[in-house]
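*Asks:* Anchor point for the sequence shown: position 110 equals 121 in the numbering used here, and the numbering is continuous, going up by one each time.
Virtual Cβ for every residue (Gly too), placed ideally from N, Cα, C.
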Amino acid sequence: METQKKRTCLLIVSVMLLIATGLPSCRPKSATSAFSEDAAEKAYVAPGQYDEFYDFVSGGFSGQLAVYGLPSGRLLKVIPVFSVNGENGWGFSEETKPMLNTSNGFVPWDDSHHADLSQTGGNYDGRWLFINGNNTPRIARIDLTTFKTAEIIELPNSAGNHSSPFVTENTEYVVAGTRFSVPPDYADGDVPINSYKENFKGHISFIQVDPATGHMTLSFQLLVPGFNFDLSRAGKGKSHGWSFFSCYNTEQAHSLLEVNASQNDKDFILAVNWKKIEEYVKAGKGQKQPCSYVHNVWNENRHAATSETMKEALVLDTKEINDACYFIPCPKSPHGVDIDPSGEYIVGSGKLAAVIPVFSFDKIQKAIEDKAFDGQIEGVNVIKYESALYGEVKDSGLGALHTEFDDSGNAYTSFFVSSEVVKWNIKELKVLDRVPTYYSIGHLSVMGGNTVKPYGKYLVAYNKITKDRFLPTGPELTQSAQLYDISGDKMKLILDFPTVGEPHNAVALPADLIKDKQKQFYDLAENQHPYAAKSEKEAKVVKEGNVVHIYMTAIRSHMAPDNIEGITLGDTVYFHLTNIEQEWDIPHGLAVKGNTNAELLVMPGETQTLKWVPAKTGIFPFYCTDFCSALHQEMQGYVRVSAK
Ligand code: CUK
Ligand code: CUA
12 METQKKRTCL
22 LIVSVMLLIA
32 TGLPSCRPKS
42 ATSAFSEDAA
52 EKAYVAPGQY
62 DEFYDFVSGG
72 FSGQLAVYGL
82 PSGRLLKVIP
92 VFSVNGENGW
102 GFSEETKPML
112 NTSNGFVPWD
122 DSHHADLSQT
132 GGNYDGRWLF
142 INGNNTPRIA
152 RIDLTTFKTA
162 EIIELPNSAG
172 NHSSPFVTEN
182 TEYVVAGTRF
192 SVPPDYADGD
202 VPINSYKENF
212 KGHISFIQVD
222 PATGHMTLSF
232 QLLVPGFNFD
242 LSRAGKGKSH
252 GWSFFSCYNT
262 EQAHSLLEVN
272 ASQNDKDFIL
282 AVNWKKIEEY
292 VKAGKGQKQP
302 CSYVHNVWNE
312 NRHAATSETM
322 KEALVLDTKE
332 INDACYFIPC
342 PKSPHGVDID
352 PSGEYIVGSG
362 KLAAVIPVFS
372 FDKIQKAIED
382 KAFDGQIEGV
392 NVIKYESALY
402 GEVKDSGLGA
412 LHTEFDDSGN
422 AYTSFFVSSE
432 VVKWNIKELK
442 VLDRVPTYYS
452 IGHLSVMGGN
462 TVKPYGKYLV
472 AYNKITKDRF
482 LPTGPELTQS
492 AQLYDISGDK
502 MKLILDFPTV
512 GEPHNAVALP
522 ADLIKDKQKQ
532 FYDLAENQHP
542 YAAKSEKEAK
552 VVKEGNVVHI
562 YMTAIRSHMA
572 PDNIEGITLG
582 DTVYFHLTNI
592 EQEWDIPHGL
602 AVKGNTNAEL
612 LVMPGETQTL
622 KWVPAKTGIF
632 PFYCTDFCSA
642 LHQEMQGYVR
652 VSAK
C-alpha cells in the first residue's frame, strides 16, 4: 500500500482548517439573491392540490422518519421508528413497546441516518422503506400502505450501524456494515482498547427480505478487517449481485488524539460478490457463532408486536472466501460510494480528497481475471487502483460526500467543505455546473437518483449547518433542506424548507406509485386482539386478582364503559381501547389523569392498550384526545381508585 504522507498532509491540514473555522468557504454575501426567478411557480402546490413526490427523510438523532411532499416541502407525517412518540403512543402502548426491545432491554431512542426503498428490477416498487438505527444497532422496515413501522431487527457483532440499510436490486437483501469495529459478541469483549488491531473486528450483515411479506432474516455476516465501514450501495444492471462498501481508518487507529488515523493516502471500497457468497452458504461454508439479538415484528391483525431473541449468526471469514471480496483503493477517507444507473460506474469520494474517483465495474472484473493485485489485507486481495479506475474528476470541490444521478448520464456530488453541489458528466468526467448550498451539505437526493431509471427533475440538499436561513429559535436552530430544479442545464435553487431531526439521506417516491394504495382503516371483523371489544355490548371490566382489564370501545361520541369503579390501590389497570369506527380519518385518543404513560391514539378497527398503576386513591377523569366530532368534548369518563 503506498503512502505519500507529505503531499496529503498538506491537504488534510487545509481541510481541517476549513472545518475548524466552522464556516463554509463559499458562503455568499447575499444568500437571498441566489434563487431562481421562477422559484415560486416551481415550488408552489396550490391549496387542495397534491405534491408530485413523497420525500422520506431520515430523522437523524430524532430516531424517526419524516415524510414531506415535494416540491412544496410540506411536512406530511413523522413516523416513529426507533424513538417513542407521545403523539400517538408509539413505545407507550403495550402493543408497541415490544418493537423497541433489544438485547439490552427497551431502548427508546436511536440515531437514524439512511432510508432506502424496496426495489424490483432496480426501480422503486413502493412496498417498503428500510431505515437504520446507528447506535443500538438496528434496521427497521416501514410498510408504505400504513406508514407504520412493521419490523425492527437488531444486529449482532456490530456497532455504529452506519453503512445501512442499502437495498439490492430486487430487495434480495438489505445490508449493514459496522462503522465501529468491536470485539465480536462471540468473543470476550473485555479486552484492552489498545489491543484494537488483534481484537476489534468488522462485520457486514446481509439481511434477507422475504419477497412476499418483507420479513427480514439475518442471512449471513462477513467477518472483515477492523476498519470503519461507512457507506454502501448495491450494484445494479451489470453489477447486480455485488455490493460495495466504503471504509476509512484503515490505519486501525483507536484514538484520534494520537493522530494516527487518516494517514493513509488511500483507504478502500470493499467489493462483495454476494451472489457467489450465496453459493458458499449453500455449500455449508461459514460458522454458526453464538450471539444474542432481538427481532420484533408487528402483527397487523393482532395490532401488536412480538419480540423474539435470536441466538446465533452465520459468519463467513472473508479470508476464506477471497474470490468473493476485494478491496479497491480509494483516496483519503472515503465516505459515500454510489453506483450509476447503468451499474458500470462506481463513484467513490474522499472526505479529504480533491478528486472524485470513478471506478469501472468492467475494469474491476478484468483486474480480478488478470490478478492485477497490489498485495492482500488480512487475506483479501487489493485490486490495483489504476486497474479499477475509470478516471478521476479533477478540481471538483472539497470534501466530497455523496453522489446521485439523473437519467441523462450526469452525476451530482455533495461537497461539505466547499458547501456546494457539483454536476458532472460521468463518461467525460467533466464538471458541468455547481451551485452553493446553505450551508455545508451532507447527503443529497435526486428523485429516483439511485435507481436504474432516475426520475430527475428535482434535487434536494440536506445541509449540516443552518445559520441564518430561517427565523432563529434560540441556540438550537431548525435543520435546513434546499430544493433545486435540475431539469435544465443549470441547477436552480427554488425552495428552502426546515426538517425534523438531523436529515441525513432521503429517498423520494412518485406520489402516484403509492397514494391510492393507502390503508384507510382496519377491518374490525379481522381484529384478533385478545382484548378487543368489537361492539359496545362487549365493553366490560374484568378483575383477575389485582389485575384489571377494561375492554373499552370508542365511537362518536362516547366511550364505554365510562364510569369505572372497583379498582383498588395496588391494582394494575389495562385500558384496552378499541376504536369501533369503520371510516377513514376518525381516530380516537385516550388520556387518563395520573397515568405515567403518554396517550393512545387508536385508528378505526384497531385495539391499543394503556397500562396504568395508580399511585393514589381518588377520582381520575379520562377523555378522547382527538377532536373527532361536534360532541368530542363529551367523550369522557371517570375511574375511581379506592383504598385496599
Ligand atoms: S451520513 Cu450524514 S452526510 Cu451518516 Cu450518510 Cu453522509
Ligand atoms: Cu373521539 Cu374525540
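(1) How is Pro-109 classed by DSSP in three states: helix, strand or coil?
(2) Any contact of the segment 60-75 with the segment 505-521, i.e. 3+ C-beta pairs under 8 Å?
(3) If you draw a straight line from the alpha carbon of Tyr-649 to that of Gly-97, how long is it in whole angstroms?
(4) Should Phe-633 be listed as close to the ligand CUA, given that the test is whether its C-beta is under 7 Å from any heavy atom?
(5) Sorry if obvious, but does the Cβ on Asn-146 come closer than 7 Å to a heavy atom of the ligand CUK?
(6) So what does Gln-493 bridge to, in DSSP terms?
(7) Buried or exposed for Lys-40, going by 16 or more other Cβ atoms inside 10 Å?
(8) What residue does the beta strand (DSSP E) around Glu-576 start on, and which one ends it?
(9) Under a Cβ-count criterion, where at least 16 other Cβ atoms within 10 Å of its own Cβ denotes burial, should Glu-165 be classed as buried or exposed?
(10) Is the number of C-beta pairs between the segment 424-433 and the segment 401-411 that are closer than 8 Å three or more?
(11) Can you give me the Cβ contacts of Leu-400 inside the same chain, cut-off strictly under 8 Å, excluding the 5 residues immediately before and after it?
(12) DSSP three-state call for Asp-373: helix, strand or coil?
(13) Where Ile-597 and Val-442 are concerned, what is the direct C-alpha to C-alpha distance, given to the nearest angstrom?
(14) State whether the segment 245-253 contacts the segment 204-213, with contact taken as three or more CB pairs (one from each stretch) at a distance under 8 Å.
(15) Between Thr-329 and chain C, is the shortest Cβ-Cβ distance under 8 Å, so that the two count as touching?
(16) From this set, Arg-567, Leu-470, Ala-492, Leu-242, which residue's C-alpha is nearest Met-172's C-alpha?
(17) Just verifying my parser: in three-state terms, what is the DSSP assignment at Val-92?
(18) Give the secondary structure of Ser-36 by DSSP, where H, G and I count as helix, E and B as strand, and everything else as coil.
(19) CB of Leu-455 to nearest heavy atom of the ligand CUK: below 7 Å?
(20) When every heavy atom of the ligand CUA is checked, does at least one fall within less than 7 Å of the C-beta of Cys-341?
(21) So, under 8 Å CB-CB, Tyr-259 and Ser-344 are touching, yes? Tell me the CB distance rounded to an integer number of Å.
(22) What's the C-alpha gap between Phe-177 and Thr-510?
(23) Along the chain, where does the beta strand (DSSP E) containing Ser-398 start, and where does it finish?
(24) Check whether the Cβ of Leu-128 lies closer than 7 Å to any heavy atom of the ligand CUK, and answer yes or no.
(25) Indicate the three-state DSSP secondary structure (helix, strand or coil) for Lys-441 in the structure shown.
(26) Using only the heavy atoms of the ligand CUA, determine whether one of them is closer than 7 Å to the beta carbon of Phe-586.
(27) Mind the definition here: the segment 633-640 touches the segment 600-607 only if three or more C-beta pairs lie below 8 Å; say whether that holds.
(28) If you measure between the beta carbons of Gly-200 and Phe-238, is that distance less than 8 Å?
(29) Quick one: grab the DSSP three-state call for Leu-611.
(30) Does the Cβ of Ile-630 have 16 or more other Cβ atoms within 10 Å, making it buried, or fewer, making it exposed?
(31) Measuring CB atoms only, is the segment 81-91 touching the segment 531-542, in the sense that at least three cross pairs come out at less than 8 Å?
(32) Verify the contact flag: His-413, CB atom, against every heavy atom of the ligand CUK, threshold strictly below 7 Å.
(33) Does Ile-163 come out as helix, strand or coil in the three-state DSSP assignment?
(34) Say the cut is 7 Å; is the CB of Asp-66 nearer than that to a heavy atom of the ligand CUA?
(35) Out of Gly-80, Ala-282, Ser-94, state which residue places its alpha-carbon closest to the alpha-carbon of Ser-73.
(36) Would you say the beta carbon of Phe-532 is closer than 7 Å to some non-hydrogen atom of the ligand CUA?
*Replies:* On the basis of the coordinates in this document:
(1) Note: Pro-109 maps to helix in three-state DSSP.
(2) yes
(3) When rounded, the distance between both Cα atoms is 22 Å.
(4) Every heavy atom of the ligand CUA is 7 Å or more from the Cβ of Phe-633, so no.
(5) no
(6) Ala-472, Asp-507
(7) In this prediction, Lys-40 has a pLDDT of 45, which is less than 50 and means its spatial position is unreliable; nothing more can be read from the coordinates.
(8) 574-579
(9) buried
(10) yes
(11) Pro-368, Val-369, Phe-370, Ser-371, Lys-374
(12) helix
(13) Between the alpha carbons of Ile-597 and Val-442 lies a distance of about 53 Å.
(14) Flag = no, the segment 245-253 and the segment 204-213 do not touch.
(15) Here there is only one protein chain, and chain C is not present.
(16) The sequence shown places Asn at residue 172, not Met. Out of Arg-567, Leu-470, Ala-492, Leu-242, Leu-242 has the C-alpha closest to the C-alpha of Asn-172.
(17) coil
(18) Low confidence applies here, because Ser-36 scores a pLDDT of 43, under 50, leaving its location unreliable; read the following figure in that light. Note: Ser-36 maps to coil in three-state DSSP.
(19) no
(20) no
(21) 4 Å
(22) 22 Å
(23) Unbroken run through Ser-398 is the alpha helix (DSSP H), 396-399; no beta strand (DSSP E).
(24) Relative to the ligand CUK, Leu-128 has its C-beta separated by 7 Å or more from all heavy atoms.
(25) strand
(26) no
(27) yes
(28) Inclusion of Gly-200 and Phe-238 in the CB contact set at 8 Å is not warranted, their separation being larger than that value.
(29) strand
(30) exposed
(31) In short, these stretches do not touch, since the Cβ pair count stays below three.
(32) yes
(33) strand
(34) no
(35) Ser-94
(36) no
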